[in-house]
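In my numbering, the protein residues as written are 7 to 145. Note that the Cβ used here is the ideal one computed from N, Cα and C, for glycine as well. In this text, all values refer to a predicted model and were calculated from it rather than measured experimentally.
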C-alpha cells in the first residue's frame, strides 16, 4: 500500500497537469487542503504497513514518528523536485508545511486512536485463543 500511495503522490506532484483540468481553484487554499489530505493518507499508509510488519509486537512512539517523518521528507523532496524540474509547477514552502500538517494528523489519528484499538482487539483475541488451547491440552 505504501508503494502505491508514494507512486501516486510522486505522479500528482511532478506531473505538470495531473488531471488535465488546467488551473482549477475551488476556493482559496484548496491546494493546501489537497496537500494535507495527500500526506494524511501517505502517513497512514506508511504507519499501517509498518504496524503490520511489527505485529504482534507493539510499535514504539519514536518508531511511529520516524515513519511519519518519512512522509514529511517525501513532501520536501517533491517540493525540491518541482523547483528542479521546469514543468510549470513551483516550489512553495507552505505546500511543504501543509504536507507536514497532513502527515502529523495521520500520525495522531493512527497512534492515539486506531492503532490502540487494533492492538487491543488483536491482543485480546490472541490471548483468549491461546488460553483456550492451553486449557484443552491440560484436560
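Whole-angstrom distance between residue j and residue i, CA atom to CA atom
| i | j | result |
| --- | --- | --- |
| residue 9 | residue 34 | 31 Å |
| residue 135 | residue 57 | With a pLDDT of 47 at residue 135, under the threshold of 50, the modelled position of this residue cannot be trusted; read the value that follows with caution. Cα-Cα distance, rounded: 21 Å. |
Option in the options with minimal Cα separation from residue i
| i | options | result |
| --- | --- | --- |
| residue 66 | 116, 85, 51, 94 | 116 |
| residue 93 | 11, 18, 12 | 18 |
| residue 15 | 46, 36, 32 | 46 |
| residue 12 | 105, 36, 60, 77 | 77 |
| residue 5 | 71, 75, 101 | Any question about residue 5 goes unanswered here, given that the chain covers just 7 to 145. |
| residue 21 | 98, 88, 37 | 88 |
| residue 74 | 60, 108, 119 | 108 |
| residue 72 | 49, 118, 105 | 49 |
For residue i, the three-state DSSP class (helix, strand or coil)
| i | result |
| --- | --- |
| residue 145 | Residue placement at residue 145 is poorly supported in this model, since its pLDDT is 47, which falls under 50; the coordinates still yield a value, given next. Coil. |
| residue 84 | helix |
| residue 58 | helix |
| residue 74 | helix |
Would you check if the segment 63-83 and the segment 39-47 touch, i.e. whether three or more CB-CB distances between them fall below 8 Å? yes
Touching by the beta-carbon criterion (3+ pairs, under 8 Å), the segment 103-113 and the segment 45-60: yes
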